[in-house]
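Engineer:
2 protein chains.
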Amino acid sequence: MPTTPVLEQQAHPFDQALALQSQGGDDFLGHTSPAYWNMVGPFGGMLAALALKAVMQHTDRLGEPVSLTVNYAAAMAPGPFQVQARAARTSRSTQHWIIELRQDDAAGVAQTVLTATALTAVRRSTWGASEIAMPDVPRAQDVHGASGVLPLEWLKRYDLRFVSGKLPRTAPGETDAPLPLDVPSVTRLWMRDEPPRALDFCSLAAFADVFYPRIFLRRPKRVPVGTVSMTVYFHARGGELKGCGSGFLLGQARGQVFHDGFLDQSAHLWSESGRLLVTSSQIVYYKE
Amino acid sequence: MPTTPVLEQQAHPFDQALALQSQGGDDFLGHTSPAYWNMVGPFGGMLAALALKAVMQHTDRLGEPVSLTVNYAAAMAPGPFQVQARAARTSRSTQHWIIELRQDDAAGVAQTVLTATALTAVRRSTWGASEIAMPDVPRAQDVHGASGVLPLEWLKRYDLRFVSGKLPRTAPGETDAPLPLDVPSVTRLWMRDEPPRALDFCSLAAFADVFYPRIFLRRPKRVPVGTVSMTVYFHARGGELKGCGSGFLLGQARGQVFHDGFLDQSAHLWSESGRLLVTSSQIVYYKE
Numbered sequence: 119m120p121t122t123p124v125l126e127q128q129a130h131p132f133d134q135a136l137a138l139q140s141q142g143g144d145d146f147l148g149h150t151s152p153a154y155w156n157m158v159g160p161f162g163g164m165l166a167a168l169a170l171k172a173v174m175q176h177t178d179r180l181g182e183p184v185s186l187t188v189n190y191a192a193a194m195a196p197g198p199f200q201v202q203a204r205a206a207r208t209s210r211s212t213q214h215w216i217i218e219l220r221q222d223d224a225a226g227v228a229q230t231v232l233t234a235t236a237l238t239a240v241r242r243s244t245w246g247a248s249e250i251a252m253p254d255v256p257r258a259q260d261v262h263g264a265s266g267v268l269p270l271e272w273l274k275r276y277d278l279r280f281v282s283g284k285l286p287r288t289a290p291g292e293t294d295a296p297l298p299l300d301v302p303s304v305t306r307l308w309m310r311d312e313p314p315r316a317l318d319f320c321s322l323a324a325f326a327d328v329f330y331p332r333i334f335l336r337r338p339k340r341v342p343v344g345t346v347s348m349t350v351y352f353h354a355r356g357g358e359l360k361g362c363g364s365g366f367l368l369g370q371a372r373g374q375v376f377h378d379g380f381l382d383q384s385a386h387l388w389s390e391s392g393r394l395l396v397t398s399s400q401i402v403y404y405k406e
Numbered sequence: 119m120p121t122t123p124v125l126e127q128q129a130h131p132f133d134q135a136l137a138l139q140s141q142g143g144d145d146f147l148g149h150t151s152p153a154y155w156n157m158v159g160p161f162g163g164m165l166a167a168l169a170l171k172a173v174m175q176h177t178d179r180l181g182e183p184v185s186l187t188v189n190y191a192a193a194m195a196p197g198p199f200q201v202q203a204r205a206a207r208t209s210r211s212t213q214h215w216i217i218e219l220r221q222d223d224a225a226g227v228a229q230t231v232l233t234a235t236a237l238t239a240v241r242r243s244t245w246g247a248s249e250i251a252m253p254d255v256p257r258a259q260d261v262h263g264a265s266g267v268l269p270l271e272w273l274k275r276y277d278l279r280f281v282s283g284k285l286p287r288t289a290p291g292e293t294d295a296p297l298p299l300d301v302p303s304v305t306r307l308w309m310r311d312e313p314p315r316a317l318d319f320c321s322l323a324a325f326a327d328v329f330y331p332r333i334f335l336r337r338p339k340r341v342p343v344g345t346v347s348m349t350v351y352f353h354a355r356g357g358e359l360k361g362c363g364s365g366f367l368l369g370q371a372r373g374q375v376f377h378d379g380f381l382d383q384s385a386h387l388w389s390e391s392g393r394l395l396v397t398s399s400q401i402v403y404y405k406e
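If you read the protein sequences in the order shown, they are chains A and B.
The first sequence runs contiguously to residue 406 in the numbering used here.
The second sequence runs contiguously to residue 406 in the numbering used here.
#1: For the region 340-354 of chain A against the region 382-398 of chain A, are there 3 or more C-beta pairs whose distance is under 8 Å?
#2: Would you say ASP382 (chain A) lies against chain B (beta-carbon separation less than 7 Å)?
#3: With distances taken from CA atoms, which of B:GLY181, B:VAL255 and B:LEU317 is nearest SER211 (chain B)?
#4: Need the endpoints of the alpha helix (DSSP H) that ALA371 (chain A) sits in, please.
#5: Note down the Cα distance separating THR122 (chain B) from TRP272 (chain B), rounded to an integer number of angstroms.
#6: In chain B, which residues lie with their C-beta within 9 Å of the C-beta of VAL346 (chain A)?
#7: Alpha carbon to alpha carbon, how far is ALA191 (chain B) from HIS214 (chain A)?
#8: Cβ of MET309 (chain B) within 7 Å of Cβ of LEU268 (chain B)?
#9: Residues of the region 341-372 of chain B with a CB closer than 8 Å to any CB of chain A: list them in chain order, please.
#10: Indicate whether GLU312 (chain A) and THR244 (chain B) have their beta-carbon atoms separated by less than 7 Å.
#11: Using a Cβ-Cβ distance under 7 Å, would PRO286 (chain B) count as near chain A?
#12: Mind checking who LEU237 (chain B) pairs with in its DSSP beta bridge?
#13: On a Cα-Cα basis, can you pick out the residue from A:ASP222, A:ARG315 and A:PHE376 that is closest to GLN134 (chain A)?
#14: Span of the alpha helix (DSSP H) holding ASP145 (chain A)?
#15: Would a check of beta-carbon distances place ARG242 (chain B) closer than 7 Å to chain A?
#16: Can you check which of these residues, A:ARG275, A:ALA228, A:ARG337 and A:VAL173, is closest to ARG287 (chain A) by C-alpha distance?
#17: At the 7 Å Cβ level, is LEU394 (chain A) part of the contact set with chain B, yes or no?
#18: So, is the C-beta of PRO253 (chain A) closer than 7 Å to a C-beta in chain B?
#19: Identify every run of the alpha helix (DSSP H) within the region 262-327 of chain B, keeping only runs that are complete inside it and at least 4 residues long; order them along the chain.
#20: For MET119 (chain A), which residues from the same chain have a beta carbon less than 7 Å from its beta carbon, with the 5 sequence-adjacent residues on both sides left out?
#21: Which residues in chain B sit within 8 Å of THR230 (chain A), going by Cβ to Cβ distance?
#22: Can you tell me which of the three DSSP states SER398 (chain B) falls into?
#23: Which residues in the same chain as MET174 (chain A) place their Cβ atom closer than 8 Å to its Cβ, once the five residues preceding and following it in sequence are excluded?
#24: Can you find the residues in the same chain that come closer than 7 Å, C-beta to C-beta, to PRO256 (chain A), ignoring five residues on each side of it along the sequence?
#25: I think GLN202 (chain A) touches ASP145 (chain A), with their Cβ atoms under 8 Å apart; what is that distance to the nearest whole Å?
#26: Beta-carbon of ASP178 (chain B) versus every beta-carbon of chain A: anything under 7 Å?
#27: When you compare each of B:ARG275, B:MET252 and B:LEU147 to GLY263 (chain B) by their alpha carbons, which one comes out closest?
#28: Any Cβ of chain B within less than 7 Å of the Cβ of GLN374 (chain A)?
#29: Counting only Cβ pairs nearer than 7 Å, list the residues of chain A close to ASN189 (chain B).
#30: Going along the chain, which residues of the region 299-318 of chain A sit with their C-beta nearer than 8 Å to a C-beta in chain B?
#31: Going by DSSP, which residues form a beta bridge with ARG204 (chain B)?
#32: Considering just the uninterrupted stretch of the beta strand (DSSP E) at PHE352 (chain A), what are its terminal residues?
#33: Check the Cβ of ALA192 (chain A) against every Cβ in chain B and list those closer than 8 Å, keeping chain order.
#34: Along chain A, in chain order, which residues have C-beta atoms closer than 7 Å to that of GLY246 (chain B)?
#35: Which residue comes first and which comes last in the beta strand (DSSP E) that contains PHE132 (chain B)?
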C-alpha cells in the first residue's frame, strides 16, 4: 500500500469548500463548509469564490475573470445548494455570465440566495499602468498575526496581519466613540490563506471580502451588518497569479458614505511585490 | 381647442428615451433613442438608466434603488429591444433584481445585449456620515460649458462644465504623451441634463457614466474603448433627489489600473449643495 502522508491526500479547506459537482450544462451542486462559517451563514468571500468557481468550471468558459459582482440575497442555511452559471452572451473574446445560488426552503422549493454576474475575457498585451501605489508598510513577516479577533470560524482560515485600522475592541455598555470625520476609516493588513495556498481567481474574490465593515471603525458600537453587494475587478492574468505563489497580499479598505442603513467601502489588494491585483467595492447594510 | 404650449406637451428627451411599455409581468418593450446615440450604440448611461427603469416601473418593486451593476454584453442596433426584470428574491425590506436587455438578431432570435443586477430596499433613518468631501471648485455658473467636445449626439443632451481634466485634443499623427504617473487621471466637472430635468434614480445612473475613459487622459492617442461593466451605489432617497431639483451635480472620476486591455475608474457625484449622492466604479475595455 502507498504511504502518502495525510497532508498530501487532503485538499486545502478552501478547495474543499469550493468543490462543485457538475450536473451537466449550467448546473452544479455544492455544500456549505463549516470551515468558512461566519455569523449567520458562510463567509461572503467564500460565496463570491463559489459563484466564480461555477464559471471557472463551466465547459463553455472563454478566457479569464475580469469582473465579478455578487449580490447576497438571503442568509444561507448549512447544507447543499445549487449553482446555475449561464453564459448570457459570448463574443469573440469576451463572455458575460449570470449566476444564481439556490437553496431549498422548508417546502422543498428552490429559493435564490445569491445572484451574480461576471465577465470573462481573453486578455491581450497592451500598454498599462497603475495609479495606486502600494502603501509603504512593514513587511508581512515583521507584522504580528491577528486572526481570531472575533470568534468566527472563517477567520481561522486566514492569516491576517493588521498594519493599521485593526477592529476596535468594545466592551458591554461602551458608548459610541466615532472617529473624527477627517480621519479616514482605513484598514491595511497583510493576508494569506491559512494554511498557505497558491493564489488564484477564486481566492482573490474571497480576499476582497476579508475587511470588516467600516462602520465598526467609525462607531465602536456593534450594530447588525451584512454585505449586500460586492464588485471585484481583476487586474492580472492567471499566469501572473501563479507567479505570486502562496505569498501574502496587502489589502486596504476605506469607507466612503454611511447613509440610512447602507455604507459603501472600496478595497485594493496588492501582491507582496507591489502589483495592484484587485480593486473592489461593496455596499453593506447596517442597522441603526 | 386647448392651447397648451408645445413645450409642455413634449416629454423631456431623457424620458422619451426611457419609455418602456409593460408587456405584463417581468417584460417590457423599449426602443433605442437617436437623441442618446454614442459611437456605435446608445450612450451606456442611458442603458443603465433603462435597466433601472424596468425595475422602477415593475409593479412588484419594493423600496428604492441602493445598488445597480450593468454589464454591456454587445453593441446595440437602432430599433426595438426587450427588457426582462425579475425579482430573484424579496425579503421584508430588500429586493434583488436580475435584468436582461435583448434584441432580435437577423434571424429573429432574441440575443442578450445587456445584463444587470440591482438591489432595492426600504431605507430607514440611521446614523450617517460621509468621508469624501466635495472638492473645492468654482460654482457651476462660473464655469464655461464644454459640451460637444466630441461629435456625439448624446453629449448634446448634457450641459457638461469641466473644472479640470478636460478631454485632451489630439491631432492626426500626434504621438503618445502619457501623463506622468504621479499625476492622477482626475476629471472634475459640473453636469446637468440639457434641457434641465429634475433629478431621479434613473438620471443618476446615467450621470455616473458621463466620464470619458481615463485612458484618453493618460494617453492622448485615441484607441477603441468600451465600458464592459459599471456599478452604481445610491446614497440618497427619492425625496432627497427631488430636493435637488434640476440643479447641477459635481462629478469626479479617476483611473486606478490599466492592464492588458481593461482599465478601471471610480467616480463620485455630489449634489450642488455638497451631498455625496453616488459612488460608482466601472471597468472599460481598451485596445492596444
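In this text, a Cβ means the ideal position worked out from N, Cα and C, and glycines have one as well.
Structural biologist: Answer, in terms of the structure:
#1: Pairwise C-beta distances place the region 340-354 of chain A in contact with the region 382-398 of chain A, as three or more of them are shorter than 8 Å.
#2: Under the Cβ distance rule, ASP382 (chain A) counts among the residues neighbouring chain B, one pair being separated by less than 7 Å.
#3: The residue among B:GLY181, B:VAL255 and B:LEU317 with its C-alpha nearest the C-alpha of SER211 (chain B) is B:GLY181.
#4: Element bounds for ALA371 (chain A): not the alpha helix (DSSP H) but the beta strand (DSSP E), 367-377.
#5: In this predicted model, THR122 (chain B) has a pLDDT of only 48, less than 50, meaning its place in the structure is not dependable enough to derive any value.
#6: Those are VAL184, SER185, THR212, HIS214, LEU237 and ALA239, listed as they occur along chain B.
#7: In a straight line, the C-alpha of ALA191 (chain B) is about 6 Å away from that of HIS214 (chain A).
#8: No; because the gap between Cβ atoms is not below 7 Å, this pair is not in contact.
#9: Flagged, chain order: VAL346, SER347, THR349, TYR351, HIS353, ALA354, ARG355 and ARG372.
#10: Not a contact, by the Cβ cut-off of 7 Å.
#11: No, no contact with chain A.
#12: For LEU237 (chain B), which the question treats as bridged, DSSP gives the partners B:SER185 and B:HIS214.
#13: Closest option to GLN134 (chain A), judged by alpha-carbon separation, among A:ASP222, A:ARG315 and A:PHE376: A:ARG315.
#14: ASP145 (chain A) -> not in any alpha helix (DSSP H); beta strand (DSSP E) instead, spanning 145-149.
#15: Answer yes: the Cβ-Cβ gap between ARG242 (chain B) and chain A drops below 7 Å somewhere.
#16: ARG287 (chain A) has its Cα closest to that of A:ARG337, out of A:ARG275, A:ALA228, A:ARG337 and A:VAL173.
#17: Proximity of LEU394 (chain A) to chain B, defined by a Cβ-Cβ separation below 7 Å, is satisfied.
#18: Closer than 7 Å: no.
#19: Runs of the alpha helix (DSSP H) lying entirely within the region 262-327 of chain B, each at least 4 residues long, are 319-325 in chain order.
#20: Unreliable positioning characterises MET119 (chain A) in this predicted model, as indicated by a pLDDT of 48, which lies under 50. A coordinate reading is not provided.
#21: In chain order: ALA206, ARG207 and HIS214.
#22: Three-state DSSP puts SER398 (chain B) in a strand.
#23: Counting only Cβ-Cβ distances below 8 Å, and skipping sequence neighbours, we find PRO183, PHE319 and CYS320.
#24: Closer than 7 Å at the Cβ level, and outside the excluded window around PRO256 (chain A), lie VAL281.
#25: Indeed they touch by this definition, with Cβ atoms about 6 Å apart.
#26: No, its Cβ sits nowhere closer than 7 Å to a Cβ of chain A.
#27: Residue B:ARG275 is the option with its Cα nearest to GLY263 (chain B).
#28: Yes - at least one Cβ of chain B is within 7 Å of the one on GLN374 (chain A).
#29: Ordered by position in chain A, the residues that pass the 7 Å Cβ test against ASN189 (chain B) are HIS214, THR235 and LEU237.
#30: Of all residues in the region 299-318 of chain A, LEU299, PRO302 and SER303 have a Cβ within less than 8 Å of some Cβ in chain B.
#31: Note: ARG204 (chain B) sits in a beta bridge opposite B:ILE216.
#32: From DSSP, the beta strand (DSSP E) with PHE352 (chain A) extends over 343-352.
#33: Those within 8 Å of ALA192 (chain A) in chain B are ARG207 and SER209.
#34: Going along chain A in sequence order, the residues near GLY246 (chain B) (Cβ under 7 Å) are PHE376, HIS377 and ASP378.
#35: Element bounds for PHE132 (chain B): not the beta strand (DSSP E) but the alpha helix (DSSP H), 131-136.
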